[in-house]
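Take a look at the structure below.
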Amino acid sequence: MPRYGSARGPDADRRRNCLNYRKPIGSLANTVSHLIAVHPDRQGQGRGTALLRHVERVLAARGQRVLLVETSALPAFERTRAFYRQSGYGEEARIRDFYQAGEDKIVFRKALRRDAT
Ligand SMILES: CC(C)(COP(=O)(O)OP(=O)(O)OC[C@H]1O[C@@H](n2cnc3c(N)ncnc32)[C@H](O)[C@@H]1OP(=O)(O)O)[C@@H](O)C(=O)NCCC(=O)NCCS
1 MPRYGSARGP
11 DADRRRNCLN
21 YRKPIGSLAN
31 TVSHLIAVHP
41 DRQGQGRGTA
51 LLRHVERVLA
61 ARGQRVLLVE
71 TSALPAFERT
81 RAFYRQSGYG
91 EEARIRDFYQ
101 AGEDKIVFRK
111 ALRRDAT
């Protein structure tokens, strides 16, 4: 199992969307996603959802139990947080002032397999 991975969506040749993730040190069956991005011209058309679902399936097939995703708590990221909620992620933690003073990190969590609650 590589510690780092990435997936690209249907417009990969033009680098219009991507998702990067890694297995955290010391964790056997969990994965953290740090970045998902769809080109601004293509947002809101289902690409982000399809990309996230693909990565979830790949990770579950590799025995991964939990996927964590990290994003900013700033109001500018509300649509991003809505995207994760719609995709079945629940807010698990908040790290205050993580990115900079006044900008918290929100960690969302989704169970990938039935043996994870
Ligand atoms: C967040 C992001 C990956 C979602 O991908 P997407 O292809 O736009 O999302 P989908 O079309 O699959 O899903 C749409 C849902 O995502 C949410 N959403 C988030 N950002 C959106 C955007 N810019 N445009 C449209 N919907 C957006 C909405 O809740 C939307 O649901 P709705 O149509 O019912 O309103 C993409 O909008 C993006 O790259 N945003 C900028 C970068 C970013 O914030 N990345 C996350 C950093 S952790």
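1 is the number of the first residue of the sequence shown in UniProt numbering; add one for each residue after it. By construction, the Cβ of each residue, glycine as well, lies at the ideal position given by its N, Cα and C atoms. Please read all numbers here as calculations on a predicted model, not as lab measurements.
Buried or exposed by the 16-neighbour rule on C-beta atoms within 10 Å, applied to residue i
i	result
Ser33	buried
Pairwise C-alpha distance: residue j and residue i
i	j	result
Gln43	Phe108	21 Å
Ala29	Arg113	11 Å
Asn20	His39	15 Å
Leu35	Gly26	21 Å
Span of the alpha helix (DSSP H), counted from its first residue to its last, around residue i
i	result
residue 141	Since the first and last residues shown for the chain are 1 and 117, residue 141 lies out of range.
Gln100	Not the alpha helix (DSSP H): Gln100 falls in the beta strand (DSSP E), residues 90 to 100.
Phe83	78 to 86
Residue i: CB within 7 Å of a non-hydrogen atom of ligand 1
i	result
Ile36	yes
Phe83	yes
Same chain only: Cβ atoms within 7 Å of residue i, ignoring 5 sequence neighbours per side
i	result
Ala37	Asn17, Cys18
Terminal residues of the beta strand (DSSP E) in which residue i lies
i	result
His34	30 to 38
Leu68	66 to 72
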